[in-house]
Amino acid sequence: MQGYLAALATVAIWAGFILLSRLGGKTGLTSWDIVALRLGVGGGLLLPLCWGIRHHWRDLRLWAMAGIGGLLFLVLVYAGFKRAPAAHGAILLPGMQPFLVAALAWWLLGSRPTRQRLWGLVPIALGVGCVAVPVLAGQHSGPSTLFGDALLFAGSLAWALYSVLVKRWAFDPWLLTRFVAVTSAALFLPVYLLWLPKGLDTVPLGMLVLQGLYQGIGPTIVAMVLFLRAVAILGAERTGALVGLVPVIAGLGAVPLLDEPLTGWLVAGLVLVSTGAWLSSRPALAKKY
């Protein structure tokens with residue numbers, strides 16, 4: 342039971358990350374503000390725990406992963422949520438991960454997926470196609486939404502590359518969590534404070550506290566600990582299958598919480614992507630990977 346509770350709590354935090362990111366994107370906060378709030382809180386909390394990793398500072402692989410899975414991912418995703426709805430983010434971020442990770446692992450690591458796993462990726466492609474249909478038909482809200490989708494997809498690609506590099510270089514997850522958060526904060530915050538546009542004075546203090554605490558603690562620290570706990574109890578495959586619930590929970594949650602429209606194409610896309618993520622992580626498939 343503990344494993345399932347940890348996995349479901351991880352799903353809730355990741356779905357909340359999508360919803361809260363879009364909520365922040367609809368305010369006067371700039372995407373740079375949200376990146377700064379997340380890195381400031383997360384990096385500040387983890388900094389006292391970084392003494393034990395001081396001998397890793399010269400490892401260029403860690404710096405590359407901080408740039409890809411930290412700064413690049415956050416900048417692209419929060420900029421995307423300024424323009425695109427949460428449901429699109431639910432599909433293009435967690436929904437696309439099995440597809441993109443499989444493609445990059447095949448290309449970079451030579452890890453060719455089995456035929457069964459490839460079949461599991463088919464619903465993901467169909468789900469993304471369902472979201473693309475209204476866009477191609479000219480029914481989206483404008484070029485800004487399309488650009489936001491492109492940014493979200495680029496962010497998803499950055500995270501997939503980060504995931505493949507984690508597998509290739511086999512760093513300890515807790516080491517990565519601390520290094521990525523602290524170095525990303527050290528690189529970004531001075532640039533933000535000196536040169537980047539800010540909108541902190543356009544929102545209530547409560548919004549700043551909510552964004553900072555949730556973004557900096559939830560996805561950055563708590564979700565990682567819970568995810569590792571779930572993997573230790575349930576196994577990576579079963580945990581991955583449960584994480585496939587994130588797109589549909591975030592997409593449906595955006596309707597009452599963010600007043601986003603729920604079209605037939607979007608419902609089909611959410612269901613297909615979540616189904617594909619679940620199929621791609623089924624234990625019977627993963628054992629043959």
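Under my numbering, the sequence shown has 602 at position 261, and the numbering climbs by one with no breaks. We put the CB at the ideal spot given by N, CA and C, even for glycine.
| Item | Value |
| --- | --- |
| Option nearest Phe414 by Cα separation, candidates His396, Leu433, Ala609 | Leu433 |
| Supposed contact pair Leu593 and Ser615 - C-beta distance, whole angstroms, cut 8 Å | Not confirmed; about 10 Å, so no contact. |
| Endpoints, alpha helix (DSSP H) assigned at Leu292 | Limits of the chain in this structure are 342 at one end and 630 at the other, which puts residue 292 out of reach. |
| DSSP-derived helix/strand/coil call for Arg402 | helix |
| Contact belief for Gly496 with Gly421 at Cβ below 8 Å, rounded distance in angstroms | 6 Å |
| Proximity winner among Gln343, Met437, Leu346, Ala407, relative to Leu506 (alpha-carbon distances) | Ala407 |
| Straight-line gap, Gly384 to Thr524 (C-alpha atoms, nearest Å) | 8 Å |
| Nonlocal neighbours in the same chain, by C-beta distance under 6 Å from Arg453, ignoring five residues either side | Trp447 |
| Thr604 - DSSP class collapsed to helix/strand/coil | coil |
| CA nearest to the CA of Ser372, picked from Val572, Leu541, Arg395 | Leu541 |
| Phe488 and Arg424 closer than 8 Å at C-beta | yes |
| Host alpha helix (DSSP H) of Val589 (start-end) | 587 to 599 |
| Cβ contact (3+ pairs, closer than 8 Å) linking the segment 365 to 380 and the segment 528 to 540 | yes |
| Thr351 in three-state terms, based on DSSP | helix |
| Continuous alpha helix (DSSP H) stretch holding Ala425: start and end | Note, Ala425: premise wrong, no alpha helix (DSSP H); not H, not E. |
| Beta carbon of Leu445 nearer than 8 Å to that of Ala501 | yes |
| Short Cβ contact (8 Å threshold) for Gln549 with Leu378 | The question names Gln, but residue 549 in the sequence shown is Leu. Their beta carbons are under 8 Å apart, which means Leu549 touches Leu378 by this criterion. |
| First through last residue of the alpha helix (DSSP H) which encompasses Arg509 | 484 to 510 |
| Proximity to Ala427 [Cα-Cα], best of Ala618, Pro597, Gly617 | Pro597 |
| Cβ-based burial, Trp392 [other Cβ within 10 Å; buried from 16] | exposed |
| Whole-angstrom C-beta distance between Ser621 and Arg458, which should lie under 8 Å | 6 Å |
| Distance between Glu601 and Leu569 (C-alpha atoms, nearest Å) | 33 Å |
| Outcome for Trp355 when other beta-carbon atoms lying within 10 angstroms are tallied against a minimum of 16 | buried |
| For Gly369, the three-state DSSP class (helix, strand or coil) | coil |
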